[in-house]
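Peer 1:
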Amino acid sequence: MLDIALQTIGSKEQVMQIAVQNENSITDDLFIGQKIEHGQVNLNNRVIAHFIKNGISPATGNTTADDQEGIGVWNIQIDFKVS
163 MLDIALQTIG SKEQVMQIAV QNENSITDDL FIGQKIEHGQ VNLNNRVIAH
213 FIKNGISPAT GNTTADDQEG IGVWNIQIDF KVS
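Next comes the structure, spelled out in C-alpha cells:
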C-alpha cells in the first residue's frame with residue numbers, strides 16, 4: 163500500500179487513509195489488477211513527475227522469487243523430492 167501511495171500521490175502521509183478507504187491494512191499484499199481508490203488527497207506532483215521521468219516504481223515488498231522458500235514455491239521433483 164505504501165508503494166501505491168508513493169507512486170500515485172507522491173507521499174506516504176496518506177497511506178493510512180487509502181488503506182482504510184479500500185478496507186485493507188497498510189501491510190496487506192496487493193494483487194495484479196486490484197483497484198485502489200484514493201479519493202480526495204493532496205498530490206505531490208513533483209515527486210510523481212520524478213518517479214515517471216526516471217522510471218521509478220517503488221517496491222517495498224518481496225519482488226524476487228529467489229528470496230522465497232517453502233512448499234508454496236517448491237516444484238515437485240525439482241526443489242521438493244517425493245520418495
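One gets the numbering used here by counting positions in the sequence shown from 1 and adding 162 to each.
Built from N, CA and C at the ideal position, the CB exists for glycine as well.
1) Would you identify the three-state DSSP class for D191, choosing helix, strand or coil?
2) Mapping the DSSP letters down to three states, classify M163 as helix, strand or coil.
3) At the level of alpha carbons, what is the spacing between N184 and L192?
4) Using a threshold of 8 Å, state whether the C-beta atoms of M178 and I171 are closer than that.
5) Does DSSP put N207 in a helix, in a strand, or in coil?
6) By the DSSP assignment, the alpha helix (DSSP H) with A181 in it spans what residues?
Peer 2: A quick look at the data gives this:
1) In this structure, DSSP gives D191 a state outside helix and strand, which the three-state scheme calls coil.
2) Secondary structure of M163 (DSSP, three-state): coil.
3) If I take the Cα positions, the gap works out to 11 Å.
4) Not a contact, by the Cβ cut-off of 8 Å.
5) Correct three-state label for N207: helix.
6) Membership of A181 in the alpha helix (DSSP H) is indicated by the continuous run 177–183.
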